[in-house]
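There are 2 protein chains.
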Amino acid sequence: MVIAEPEPEPAAEGALARSQAARRRRVLDATLQLAAEGGFDAVQMRDVAAAADVALGTVYRYFASKERLLLEAMAEQQADLRAYLDVHPPREATPVARVVSVLRGANRSLREYPDVTAAMVRSFGTAQIENADIVRRVTEIMTGIITSAIHAPERRPATEREVRVARILMQVWLSSLNGWVCGVDGPDRVDEDLAAAAGLLLSPRNDC
Amino acid sequence: MVIAEPEPEPAAEGALARSQAARRRRVLDATLQLAAEGGFDAVQMRDVAAAADVALGTVYRYFASKERLLLEAMAEQQADLRAYLDVHPPREATPVARVVSVLRGANRSLREYPDVTAAMVRSFGTAQIENADIVRRVTEIMTGIITSAIHAPERRPATEREVRVARILMQVWLSSLNGWVCGVDGPDRVDEDLAAAAGLLLSPRNDC
DNA sequence: ACAAAAAAAGGAACGTGTTCCAATTCCGCC
DNA sequence: GGCGGAATTGGAACACGTTCCTTTTTTTGT
Numbered sequence: 027m028v029i030a031e032p033e034p035e036p037a038a039e040g041a042l043a044r045s046q047a048a049r050r051r052r053v054l055d056a057t058l059q060l061a062a063e064g065g066f067d068a069v070q071m072r073d074v075a076a077a078a079d080v081a082l083g084t085v086y087r088y089f090a091s092k093e094r095l096l097l098e099a100m101a102e103q104q105a106d107l108r109a110y111l112d113v114h115p116p117r118e119a120t121p122v123a124r125v126v127s128v129l130r131g132a133n134r135s136l137r138e139y140p141d142v143t144a145a146m147v148r149s150f151g152t153a154q155i156e157n158a159d160i161v162r163r164v165t166e167i168m169t170g171i172i173t174s175a176i177h178a179p180e181r182r183p184a185t186e187r188e189v190r191v192a193r194i195l196m197q198v199w200l201s202s203l204n205g206w207v208c209g210v211d212g213p214d215r216v217d218e219d220l221a222a223a224a225g226l227l228l229s230p231r232n233d234c
Numbered sequence: 027m028v029i030a031e032p033e034p035e036p037a038a039e040g041a042l043a044r045s046q047a048a049r050r051r052r053v054l055d056a057t058l059q060l061a062a063e064g065g066f067d068a069v070q071m072r073d074v075a076a077a078a079d080v081a082l083g084t085v086y087r088y089f090a091s092k093e094r095l096l097l098e099a100m101a102e103q104q105a106d107l108r109a110y111l112d113v114h115p116p117r118e119a120t121p122v123a124r125v126v127s128v129l130r131g132a133n134r135s136l137r138e139y140p141d142v143t144a145a146m147v148r149s150f151g152t153a154q155i156e157n158a159d160i161v162r163r164v165t166e167i168m169t170g171i172i173t174s175a176i177h178a179p180e181r182r183p184a185t186e187r188e189v190r191v192a193r194i195l196m197q198v199w200l201s202s203l204n205g206w207v208c209g210v211d212g213p214d215r216v217d218e219d220l221a222a223a224a225g226l227l228l229s230p231r232n233d234c
């Protein structure tokens with residue numbers, strides 16, 4: 027993994043790919059911008075196109091639907107979180123503490139832009155089959171984040187039990203976020219749910 | 027042509043309330059019918075109105091939005107399940123077995139009408155603040171179903187731990203259904219997730 | 001530097017959820 | 001039995017996601 031001059035492979039392709047990447051980025055940024063200002067309803071495709079300085083048809087060339095657009099933004103956000111955590115892993119001593127710490131931090135970020143979170147969670151909740159791939163990607167990233175937090179500094183592969191626990195926590199996380207964004211529970215409830223679940227699933231006395 | 031004696035109280039009000047109740051029912055039935063045939067997208071408000079033999083504006087008088095319509099149908103469905111289980115409680119010996127049994131049964135029903143389930147779960151996943159009340163009602167019914175299954179024949183009130191476990195299982199259930207209806211996982215995965223979670227949360231060795 | 005191909009622009013048009021309104025029908029009550 | 005108000009009807013109209021088409025611009029290969 028040299029910091030190669032000639033772009034290894036995935037980037038490649040001269041001007042076209044560059045301008046396309048830039049366009050894609052502008053569209054995603056416009057999406058986040060609009061979502062931050064007015065949530066899901068403010069992310070109107072015509073406005074996204076205008077804000078990204080791109081034609082409406084172009085938005086659709088890059089993202090097949092509004093749902094997809096928001097889901098890709100969500101996937102990117104989660105991937106960023108994962109990357110950050112790879113560099114700054116939780117330092118707590120126990121799995122429970124690490125998981126709770128990581129998820130509290132994530133939720134703190136999500137709460138700073140509640141409308142963005144709401145838009146993403148809502149897209150997640152309506153996802154159709156044609157977006158199964160990104161939904162899977164998002165859930166895998168979230169599960170991975172939790173798995174890493176569970177068996178933090180250790181380099182061994184996750185046990186099957188850990189993977190199952192991580193999946194449950196991911197599901198609790200998503201459900202709880204859904205409860206928050208649709209106004210059933212306050213934002214603190216997300217942390218509480220996760221702490222409770224982590225406690226029940228990861229407490230030392232439950233380790234086999 | 028009164029058939030009923032003097033209706034006790036909740037029904038009350040003569041012809042008006044009766045015809046309104048009938049209208050509401052027709053709308054809900056039309057919704058389920060259309061959902062069964064073509065899922066969420068087939069539940070088009072104009073079609074619902076036509077199938078229920080009612081004007082479009084009338085549908086909106088009874089249900090503020092398509093989302094609300096489907097959520098009320100979902101609440102009713104869950105309430106029915108709950109009522110059924112009150113009469114036919116699970117007979118298994120352990121909490122885990124009872125919970126698994128109840129949820130498997132519920133999922134079996136849901137799988138018979140996958141498009142209906144998909145429409146409902148999808149509405150649930152997009153719920154907005156104005157529908158927080160039904161979303162809460164649905165989650166409470168689902169949690170209640172699970173709580174009852176956990177401490178089945180016993181008549182004591184649920185312990186705090188049981189309530190927390192039930193909530194987690196409810197969240198896993200919802201997330202897993204979401205994964206199924208958006209094509210990320212097969213329908214069996216719902217049962218597997220719930221069995222795994224119930225096992226981890228309710229196994230005897232975890233009882234305190 | 002030019003021709004062919006690909007991408008983007010610009011904008012019209014369609015479908016469906018939702019809103020609104022005028023006209024009509026129905027209900028409860030005097 | 002008729003009156004006042006509420007409920008219902010029927011349908012027009014609007015908003016926004018999505019599709020489609022034509023024209024223009026950009027990119028690539030020679």
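Which chain is which? The protein sequence lines are F and R, in order. Numbered per this note's numbering, the first sequence spans residues 27 to 234. Numbered per this note's numbering, the second sequence spans residues 27 to 234. Backbone N, C-alpha and C define an ideal beta-carbon position, used for all residues, glycine too. Everything numeric in this text was worked out from a predicted model, so none of it was measured.
For a quick check, are the C-beta atoms of residue 96 of chain F and residue 74 of chain F less than 8 Å apart?
No; because the gap between Cβ atoms is not below 8 Å, this pair is not in contact.
Taking only the alpha-carbon atoms, compute the straight-line gap between residue 232 of chain R and residue 190 of chain R and give it to the nearest angstrom.
Model confidence at residue 232 of chain R stands at a pLDDT of 48, short of 50, so the residue's coordinates are unreliable; what they give is reported in the following sentence. Pairing residue 232 of chain R with residue 190 of chain R, the inter-Cα distance amounts to about 14 Å.
For a cutoff of 8 Å on Cβ pairs, would you count residue 133 of chain F as touching chain R?
So no, residue 133 of chain F is outside the interface.
Do you know offhand how far residue 169 of chain F's Cα is from residue 43 of chain R's?
About 51 Å.
For residue 56 of chain R and residue 78 of chain R, the rounded distance between their alpha carbons
Approximately 6 Å between the Cα atoms of the pair.
Taking the alpha-carbon positions, what's the residue 210 of chain R to residue 158 of chain F distance?
Answer to the nearest angstrom: the Cα atoms are 5 Å apart.
Neighbouring residues, chain F, relative to residue 165 of chain R (Cβ below 8 Å)
Neighbours of residue 165 of chain R in chain F, taken as residues at a C-beta separation under 8 Å, are given in chain order as 205, 210.
Which residues mark the beginning and the end of the alpha helix (DSSP H) in which residue 194 of chain R is found?
Per DSSP, residue 194 of chain R belongs to the alpha helix (DSSP H) from 186-207.
Residues near residue 151 of chain R in its chain [Cβ-Cβ closer than 7 Å; skip 5 each side]
Counting only Cβ-Cβ distances below 7 Å, and skipping sequence neighbours, we find 204.
Does the beta carbon of residue 224 of chain R come closer than 8 Å to any beta carbon on chain F?
Residue 224 of chain R has a beta carbon lying at 8 Å or more from every beta carbon in chain F.
Check whether residue 54 of chain F and residue 71 of chain F have beta carbons under 8 Å apart:
The criterion of a C-beta distance shorter than 8 Å is not satisfied by residue 54 of chain F and residue 71 of chain F.
Using a Cβ-Cβ cut-off of 8 Å, state whether residue 91 of chain R counts as contacting chain F.
Taking Cβ atoms only, chain F never reaches closer than 8 Å to residue 91 of chain R, which makes this a no.
Give a yes or no on whether 8 Å exceeds the smallest Cβ distance from residue 127 of chain F to chain R.
Judged by the 8 Å Cβ criterion, residue 127 of chain F is not in contact with chain R.
Do residue 198 of chain F and residue 219 of chain F have their C-beta atoms closer together than 8 Å?
A contact, by the Cβ cut-off of 8 Å.
Residues from the region 172-194 of chain F in contact with chain R, defined by Cβ distance under 9 Å
Against chain R - using a Cβ distance shorter than 9 Å - the residues of the region 172-194 of chain F are 187, 190, 191, 193, 194.
Give the DSSP-derived three-state secondary structure of residue 118 of chain R in the structure shown.
Shown here, residue 118 of chain R sits in coil according to DSSP, grouped into three states, outside any helix or strand.
One question on the structure: do residue 200 of chain R and residue 172 of chain R come within less than 8 Å of each other, judged by their Cβ atoms?
Cβ atoms of residue 200 of chain R and residue 172 of chain R: not closer than 8 Å.
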